[in-house]
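Heads up, the thing below is written out as structure tokens.
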Amino acid sequence: MSDNVGNICEAMSQIRMKERSAEEEFPDLSQHNNLMAKHLTLDMYGQLRERVTPRGFTLNQVIQPGVDNPGHPFIMTVGCVAGDEETYDVFKELLDPVIEDRHGGYKPSDKHKTDLNPDNLKGGDDLDPNYVLSSRVRTGRSIRGFCLPPHCSRGERRMVEKLSNEALDSLTGDLKGKYYALKNMTDAEQQQLIDDHFLFDKPVSPLLLASGMARDWPDARGIWHNDNKTFLVWVNEEDHLRVISMQKGGNMKEVFNRFCTGLTKIESLFKEKGHEFMWNEHLGYVLTCPSNLGTGLRAGVHMKLPNMSKHAKFEEVLKRLRLQKRGTGGVDTAAVGGVFDISNADRLGFSEVELVQMVVDGVKLLTEMEKRLEKGQSIDDLMPAQK
Amino acid sequence: MAAALTPAIYARLRDKATPHNWTLDQCIQTGVDNPGHPFIKTVGMVAGDEESYEVFAEIFDPVIKDRHNGYDPRTMRHPTDLDSSKITSGFFDERYVLSSRVRTGRSIRGLSLPPACTRSERREVERVVVTALSGLKGDLAGRYYSLGEMSQREQQQLIDEHFLFDKPVSPLLTAAGMARDWPDARGIWHNNDKNFLIWINEEDHTRIISMEKGGNMKRVFERFCKGLKQVEHLIQERGWEFMWNERLGYILTCPSNLGTGLRAGVHVRLPFLSKDPRFGKVLENLRLQKRGTGGVDTAATGDTFDISNLDRLGKSEVELVQLVIDGVNYLIECEKRLERGQDIKIPSPIPQFRK
Numbered sequence: 001m002s003d004n005v006g007n008i009c010e011a012m013s014q015i016r017m018k019e020r021s022a023e024e025e026f027p028d029l030s031q032h033n034n035l036m037a038k039h040l041t042l043d044m045y046g047q048l049r050e051r052v053t054p055r056g057f058t059l060n061q062v063i064q065p066g067v068d069n070p071g072h073p074f075i076m077t078v079g080c081v082a083g084d085e086e087t088y089d090v091f092k093e094l095l096d097p098v099i100e101d102r103h104g105g106y107k108p109s110d111k112h113k114t115d116l117n118p119d120n121l122k123g124g125d126d127l128d129p130n131y132v133l134s135s136r137v138r139t140g141r142s143i144r145g146f147c148l149p150p151h152c153s154r155g156e157r158r159m160v161e162k163l164s165n166e167a168l169d170s171l172t173g174d175l176k177g178k179y180y181a182l183k184n185m186t187d188a189e190q191q192q193l194i195d196d197h198f199l200f201d202k203p204v205s206p207l208l209l210a211s212g213m214a215r216d217w218p219d220a221r222g223i224w225h226n227d228n229k230t231f232l233v234w235v236n237e238e239d240h241l242r243v244i245s246m247q248k249g250g251n252m253k254e255v256f257n258r259f260c261t262g263l264t265k266i267e268s269l270f271k272e273k274g275h276e277f278m279w280n281e282h283l284g285y286v287l288t289c290p291s292n293l294g295t296g297l298r299a300g301v302h303m304k305l306p307n308m309s310k311h312a313k314f315e316e317v318l319k320r321l322r323l324q325k326r327g328t329g330g331v332d333t334a335a336v337g338g339v340f341d342i343s344n345a346d347r348l349g350f351s352e353v354e355l356v357q358m359v360v361d362g363v364k365l366l367t368e369m370e371k372r373l374e375k376g377q378s379i380d381d382l383m384p385a386q387k
Numbered sequence: 001m002a003a004a005l006t007p008a009i010y011a012r013l014r015d016k017a018t019p020h021n022w023t024l025d026q027c028i029q030t031g032v033d034n035p036g037h038p039f040i041k042t043v044g045m046v047a048g049d050e051e052s053y054e055v056f057a058e059i060f061d062p063v064i065k066d067r068h069n070g071y072d073p074r075t076m077r078h079p080t081d082l083d084s085s086k087i088t089s090g091f092f093d094e095r096y097v098l099s100s101r102v103r104t105g106r107s108i109r110g111l112s113l114p115p116a117c118t119r120s121e122r123r124e125v126e127r128v129v130v131t132a133l134s135g136l137k138g139d140l141a142g143r144y145y146s147l148g149e150m151s152q153r154e155q156q157q158l159i160d161e162h163f164l165f166d167k168p169v170s171p172l173l174t175a176a177g178m179a180r181d182w183p184d185a186r187g188i189w190h191n192n193d194k195n196f197l198i199w200i201n202e203e204d205h206t207r208i209i210s211m212e213k214g215g216n217m218k219r220v221f222e223r224f225c226k227g228l229k230q231v232e233h234l235i236q237e238r239g240w241e242f243m244w245n246e247r248l249g250y251i252l253t254c255p256s257n258l259g260t261g262l263r264a265g266v267h268v269r270l271p272f273l274s275k276d277p278r279f280g281k282v283l284e285n286l287r288l289q290k291r292g293t294g295g296v297d298t299a300a301t302g303d304t305f306d307i308s309n310l311d312r313l314g315k316s317e318v319e320l321v322q323l324v325i326d327g328v329n330y331l332i333e334c335e336k337r338l339e340r341g342q343d344i345k346i347p348s349p350i351p352q353f354r355k
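Just so you know, the sequences run in chain order A and B. If you count by UniProt numbering, then the first sequence holds residues 1 to 387, one letter each, in order. If you count by UniProt numbering, then the second sequence holds residues 1 to 355, one letter each, in order.
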């Protein structure tokens, strides 16, 4: 650590050489609408730009995606990223308020609870398949000791791929599967996997590009999935690992069972090899984007809501249920043909079981409302209280 | 870059950094992320500052040599000549040539280049250049339009007139970090006649452009040289200078623009010649390059091409512009012959460097 500090200080003084006052360096955020722009002040900038993480990640790097992307049409973006686990500590003066804002008032002193016991989920095996087309749960995991995608070197990224492959190769039973490196896939194979909603997009999202996560594409990127394609792991996209359980239809309970089983198994396989996931009792699981801290969990369905989505109270209902809507192509898309991706809005401050429960209960209610509207009936009596 | 970089070179250079803390990985990132360009063989690396070319000479020199036809920075000297009176027959047949243009770039010594610069350095470039430009007079008098203050409509108008640079979507630009903080401290300055323009903080600190409709390349180059000299003088008055050395000429972000940084070209209609299978070879021997009329990342539409000099380094400005004039005149001759049903000859290749 001390050798590194020496190098870092030298690097910082070299950087100082070309940086001028905080005012001269402060980004123009006048057109901006993201959480970084909302919370970053000139004073904070002046104070934090003196610092750097042990792995060399700077404030400018934390905020670059937010500077380059003033606002997202469908979702209020965070506008900052972590380059390593320590980012959240070194730049806490900025990241704590951003986290508090994004995660419903979560305080720096709050503790996050983890619950990956699927038996604690009530119901969820009977979401109406006339409306619910598919069910999915995803989360992310970072391998402690390695820099995150905005900052990792090619060597680190390859190591993450290697370690992940070793762990995943050991999975058995219905979880048994294989790895498909992105650089070995044909364009046709890749497009098929994207269209089936299995694979991440080629990195064209300006959020991804601005943060440096697309560097060296497609080196050390890939997807692992089991033979049924119901359990998938993305390697080195926006996070080290994204773990996904999904299937057609409305049996969210089965999806969540598989999710918990798989995740727990993967974690123990990593531990056997002397590696652990980035986690602490305040932030839960540590991921690249502050919006994914805590559980990193997004549980959702693709469901038909042609009537509900045109209703004036649609947004309000979602808000009260603590749910979020997206298009079926992923975070950067709009809904097509009345089919929406409905998922939990929260990640931090609730456990995995609690979040999936919210989705299950919320989807049931939305289905009820859709049926009522189909028959031309009112939904006023079904309006939920704010969760 | 991929052709020249070996694991051994990488190992030797990867722990080095320039005084501005720019590293090898940063130099090569754009080439790693962009395996190949459909129309033009890209260089695949950029400089973050003037010192990059020295600190990483072991990789830059072979890349420069490859891109610039064997020019060896270790042994050769680059000539500068901005005396436009030396140009001959610089007036094209306007039934074929729609417009004429000469551009170059200049970097302000002491400030990092667009891949590496901080926001404050970028703003400093803008301040230094815009202040100097406000001193231009007569037919060169003009004003500055900051990108951040332009309306979308103004911006689109300037792009359609081929004056303004593209919004940064080019993967070459974005992978090299040149699109950071867009549109902060970016803008365009032009004179009232809109035939002398300066781009600020796109791929280089400045790009200086002289252009007009029609085929009067001589006048375009005259204005270019006059304007360039005046701008340099105005900057020097304030204690600044351009990055230049006798090994590499004018220092710019991309190694392909070293030397003169000059691209002299025309938009020219060549409906017959462009369909002739020998078109490519004719261009090659004349040391000319074709592009689409939308800029480097575009394909040609219809029969109109952007034809310009391939070379930048090892020949002077006057030599390159004369080469384009002679070459385009030859292309027009070929076009006329093919129109009349006559055959054309592939010209002998132009020699590379002055001995």
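C-beta: ideal position from N, C-alpha, C; glycine also. Keep in mind that this is a model prediction, so the values were computed, not measured.
- prompt: Helix, strand or coil: which one does DSSP assign to F305(B)?
  reply: strand
query: Roughly how many angstroms lie between the CA atoms of A17(B) and A47(B), to the nearest whole one?
result: 12 Å
query: Taking Cβ positions only, does P27(A) come closer than 9 Å to chain B?
result: yes
- prompt: Is it true that the segment 345 to 365 of chain A meets the segment 114 to 130 of chain A, where meeting means three or more beta-carbon pairs spaced less than 8 Å apart?
  reply: yes
query: Is it buried or exposed for G215(B), if we count other Cβ within 10 angstroms and need 16 for buried?
result: buried
W189(B) versus S84(B): straight-line alpha-carbon distance, rounded: 23 Å
- request: For the alpha helix (DSSP H) holding G105(B), just list the boundary residues, first then last.
  value: Per DSSP, G105(B) belongs to no alpha helix (DSSP H); it is in the beta strand (DSSP E), V97 to R106.
task: Give the straight-line distance between the Cα atoms of C117(B) and M178(B), rounded to the nearest whole angstrom.
output: 9 Å
- request: Please confirm if the segment 101 to 108 of chain B is in contact with the segment 189 to 205 of chain B, defined as three or more CB-CB distances below 8 Å between the two stretches.
  value: yes
message: Let me confirm a value: V218(B) is counted as buried when at least 16 other C-beta atoms fall within 10 Å, else exposed. Which label applies?
response: Just to set this straight, residue 218(B) is Lys in the shown sequence, not Val. Counting Cβ neighbours within 10 Å, K218(B) comes out buried, since at least 16 surround it.
task: Kindly indicate the opening and closing residues of the beta strand (DSSP E) around T206(B).
output: T206 to K213
task: With 7 Å as the C-beta to C-beta threshold (strictly closer), list the residues of the segment 238 to 260 of chain A near chain B in chain order.
output: none
field: Interface residues of the segment 92 to 108 of chain B facing chain A [CB-CB below 7 Å]
entry: none
- request: Following the continuous beta strand (DSSP E) through Q157(B), name the residue where it begins and the one where it ends.
  value: Taken as a continuous stretch (DSSP letters only), Q157(B) belongs to no beta strand (DSSP E), being part of the alpha helix (DSSP H) at Q152 to D160.
message: Just to make sure I have the definition right: I need the residues of chain B whose C-beta is within less than 7 Å of the C-beta of V67(A). Which are they?
response: D181
field: Proximity winner among K213(B), T75(B), Q230(B) and D72(B), relative to C139(B) (alpha-carbon distances)
entry: It should be noted that the sequence gives Asp, not Cys, for residue 139(B). Comparing Cα positions, the closest option is Q230(B).
query: Just curious, the beta strand (DSSP E) that V125(B) is in, first and last residue?
result: Where V125(B) is concerned, there is no enclosing beta strand (DSSP E), although the alpha helix (DSSP H) it sits in stretches over R119 to L133.
query: Beta-carbon of Q64(A) versus every beta-carbon of chain B: anything under 9 Å?
result: yes
query: In whole angstroms, what separates the C-alpha of K183(A) from that of I223(A)?
result: 11 Å
- prompt: Does DSSP put D341(A) in a helix, a strand or coil?
  reply: strand
task: Mark V5(A) as exposed unless 16 or more other C-beta atoms lie within 10 angstroms of its C-beta, in which case mark it buried.
output: Any reading at V5(A) needs caution, since the residue's pLDDT is 45, under 50, leaving its predicted position unreliable; the model's value is listed next. Answer is exposed; the Cβ neighbour count stays below 16.
- request: Reducing DSSP to helix, strand and coil, say where K301(A) ends up.
  value: Lys is not the amino acid found at residue 301(A); the sequence shown has Val there. Correct three-state label for V301(A): strand.
field: Cβ neighbour criterion (16 or more within 10 Å) applied to D220(A)
entry: Going by the sequence as given, residue 220(A) is Ala instead of Asp. Per the 10 Å Cβ criterion, buried.
message: Less than 9 Å between CB atoms is the rule here; does D306(B) satisfy it with respect to chain A?
response: no
- prompt: Are L273(B) and L338(B) closer than 9 Å when you measure CB to CB?
  reply: yes
field: Three-state secondary structure assigned by DSSP to S245(A)
entry: strand
query: Would DSSP call V137(A) helix, strand or coil?
result: strand
H187(B): contacting residues in chain A (beta-carbon distance under 7 Å): This sequence places Gly at residue 187(B); His is not what is there. Chain A residues near G187(B): none, gap ~13 Å exceeds 7 Å.
message: So D33(B) contacts chain A; which residues on that side make the cut at Cβ distance below 9 Å?
response: A214, R215, D216 and W217
message: Taking a contact to mean a Cβ-Cβ separation below 9 Å, would you say L98(B) touches T304(B) in this structure?
response: yes
query: Which chain A residues are close to R119(B), counting only those with a beta carbon under 7 Å from its beta carbon?
result: E25 and P27
task: Identify each residue in the segment 121 to 151 of chain B for which the Cβ-Cβ distance to at least one residue of chain A is less than 9 Å, and report them in chain order.
output: E121, R123, E124 and G148
- prompt: What's the C-alpha gap between P171(B) and K41(B)?
  reply: 14 Å
query: Whose CA, out of G292(B), N245(B), S256(B) and V328(B), lies closest to the CA of E284(B)?
result: V328(B)
- request: Please state whether DSSP places residue 401(A) in a helix, a strand or coil.
  value: The requested residue 401(A) is not part of the displayed model; chain A covers only 1 to 387.
For E319(B), the nearest candidate out of L158(B), R263(B) and L133(B) (CA to CA): R263(B)
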